[in-house]
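Scroll down for the structure; my scribbles are underneath it.
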Amino acid sequence: MVDLRTFEVWFVTGSQHLYGNEVLVQVAEHVQQIARAFNDSPHIPVQVVFKPVVTTPEAIYDICLEANCAKNCIGLITWMHTFSPAKMWLNGLVALQKPFLHLHTQFNRDIPWATIDMNFMNLNQSAHGDREFGFAASRMRLNRKVVVGHWQTDEVQQEIGVWTRAASARLDWQCAKFARFGDNMRQVAVTEGDKVAAQIQFGYAVNGYGVHDLVESVNQVAESEVDHLVDEYETQYHVAELLRARGKYRESLRDAARIELGLRHFLDAGQFKGFTDTFEDLPGLKQLPGIAVQRLMADGYGFGAEGDWKTAALLRAVYVIGAGLPGGASFMEDYTYHMDPMGEKVLGAHMLEVAATIADGKPSAELYPLSIGGKADPVRLIFNTRTGPALNASMIDMGNRFRLIVNEVEVVQPDAALPQLPVARAVWLPKPNFKTALAAWIYAGGAHHTAFSQAITSAHLRDFAEMCNIEFLLIGENTDLVQFKNELRWNDLVYSRLVA
Ligand code: MN
């Protein structure tokens, strides 16, 4: 659904006219060579577009305006191969509305000790040229990513790749639409928030729709479409006996398929990138959407239950960041704990809505009653989650700002089979340990709902938060609770400058 090759990052190199044309020609050749290498790099998923070397304030201003207007341009990579006096950059950087990555590299990896002369020195001056540029960006208090190292190394290309993924998700949010069926789960606080602030800060819009709009779409689904989708379920999943052809609850499976198709048609027609629903407001739908949501998330739609639009939007971003990488992403909820001191764990799940892409093996499609919601028994996919590193991310509204909290976790096998548990689930160990991670999460105000991913890392989300100009908190291997509480206090001071 998302192809990151449709996004472009522009490679913009600064210089000046002081060195004569010959040097500028050589600079341009070097930059093209680097841009080609980045384009061929397996670590960088977007197109890297070489832009002519800029040497005047006017040219810099123009390229920044062009970048703002270019629909597929996620941002800039800037590099000062030679010296580029940074007052030339001020107007451009004031105008620039896209994120930028400052690459601090050098064309030659090594100093040619035996042959180095002043011509070489004049051509290869990024050691001080990039410092001049860095001063301007710092003086302007601009958030940006600085990547240091030789451009041919995997490490540098990986860091650029991480940043371009985050910048792609940021661009994907611009004018994105999220549909909200019904409102919030009654009385719940953390899923609320300021949608106007979110649209100003992030660029996406959240608008409400009556459930009858969805019901209408479901009712228009053709029976032949339902036949086709039910066949697909049977190919992709272990479908329970009672749901199979001539099974007692075959009609429930068809109802579930009809809801999926109705949702898909609605989302496609409105070009929505995600949605929320709430079990308290589903009149006219036979079941709470279960398998439908699990499959839509797998196709890249953001989702939040109980009206949780912030998590729906975040999950969409997490999906775009991870596009093409191994591992999936899902809506998730910290559900219940294993508090055995010999091995404390978290069991994450939801009533139904866990994405099929994180399944370990072939999921089973089954029918069980739901104790809340007052609807017919919903069809859902049941599975365990693949083991390995993962993260949970939560976006909350602090009143005067948004805060993104990430906890790195390790998904493990459940200690035993869970034959009575009729939902998909993941069992994990939070980092740095159960006690510290949970205390930090709660001090930070992290939600019970999260965007869970096995495809991306906290580095992606740190870059993402920085380019969205929001607060970022990491709970990981090195988290110390005393220090973390200080960070919370200091951040309150930092962000107190912003208008509530
Ligand atoms: Mn929930």
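Each residue of the sequence shown is one higher than the last, beginning at 21 in our numbering.
Each residue gets a CB set at the ideal place from its N, CA and C atoms; glycine is no exception.
At a cut-off of 8 Å, the beta-carbon of M21 does not count as near the ligand MN: no heavy atom of the ligand is closer than that. Excluding the 5 residues flanking it on each side, D397 has same chain C-beta neighbours closer than 8 Å at Y269, S272, Q307, L387, Y388, P389, L390, in chain order. Taking the C-beta atoms as reference points, F222 is found no nearer than 9 Å to A332. The three-state secondary structure of Y224, taken from DSSP, is coil.
If the five residues before and after Y39 are omitted, its C-beta is found closer than 8 Å to the C-beta atoms of T102, N142, L143, all from its own chain and listed in chain order. The segment 182-257 contains, as complete alpha helix (DSSP H) runs of 4+ residues, the segments 215-222, 231-239, 243-256 (chain order). Straight-line spacing of the CA atoms in G348 and L401 works out to 15 Å.
Looking at the DSSP output, D417 shares a beta bridge with F422. In terms of Cβ geometry, W99 and I80 do not form a close pair [threshold 9 Å].
Of the candidates P105, R423, N404, N404 places its Cα closest to the Cα of L438. The ligand MN has no heavy atom closer than 8 Å to the beta-carbon of H248. In this structure the segment 211-218 does not touch the segment 237-248; the number of beta carbon pairs closer than 8 Å is below three. Taking a C-beta distance under 9 Å as the contact criterion, C84 and F27 do not qualify as a contact pair. Classified as buried, A106 has 16 or more neighbouring CB atoms from the shown chains inside 10 Å of its CB. The C-beta of D251 has fewer than 16 other C-beta atoms within 10 Å across all chains shown, which makes the residue exposed. Around the CB of I220, fewer than 16 other CB atoms lie within 10 Å, so the residue is classed as exposed. DSSP lists T470 as the beta-bridge partner residues of M352. Look at M371: its beta carbon is less than 8 Å from one of the heavy atoms in the ligand MN. Of all C-beta pairs linking the segment 350-369 to the segment 224-231, fewer than three are shorter than 8 Å, placing the two stretches out of contact.
Approximately 5 Å separates the beta-carbon atoms of V32 and K71; this is inside 8 Å, confirming the contact.
Closest by C-alpha distance to L162, out of F286, I131, K118, A379, is K118.
In the DSSP assignment, Y357 forms a beta bridge with V366. Collapsing the DSSP output to three states places C488 in coil. Of the candidates V246, I425, Q172, S478, the residue whose Cα lies closest to the Cα of D60 is Q172. In this structure, V22 places its C-beta atom within 9 Å of the C-beta atom of Y339. With a cut-off of 8 Å, the C-beta of E353 is classified as near the ligand MN, since at least one heavy atom of the ligand falls inside that distance.
D435 is not a Cβ neighbour of V443, given a cutoff of 9 Å. Rounded to the nearest angstrom, the gap between the Cα atoms of V66 and D360 is 46 Å. Nearest neighbour of N511 by Cα position, chosen from N489, M138, E497, E175, turns out to be N489.
By the CB criterion at 9 Å, P309 and E245 fall outside the cutoff.
At a cut-off of 8 Å, the beta-carbon of H124 does not count as near the ligand MN: no heavy atom of the ligand is closer than that. Note on Y357: under 16 other CB atoms within 10 angstroms of its CB, so exposed under the neighbour-count rule. Taken in chain order, the unbroken stretches of beta strand (DSSP E) that lie wholly in the segment 315-350 and span 3 residues or more are 322-324.
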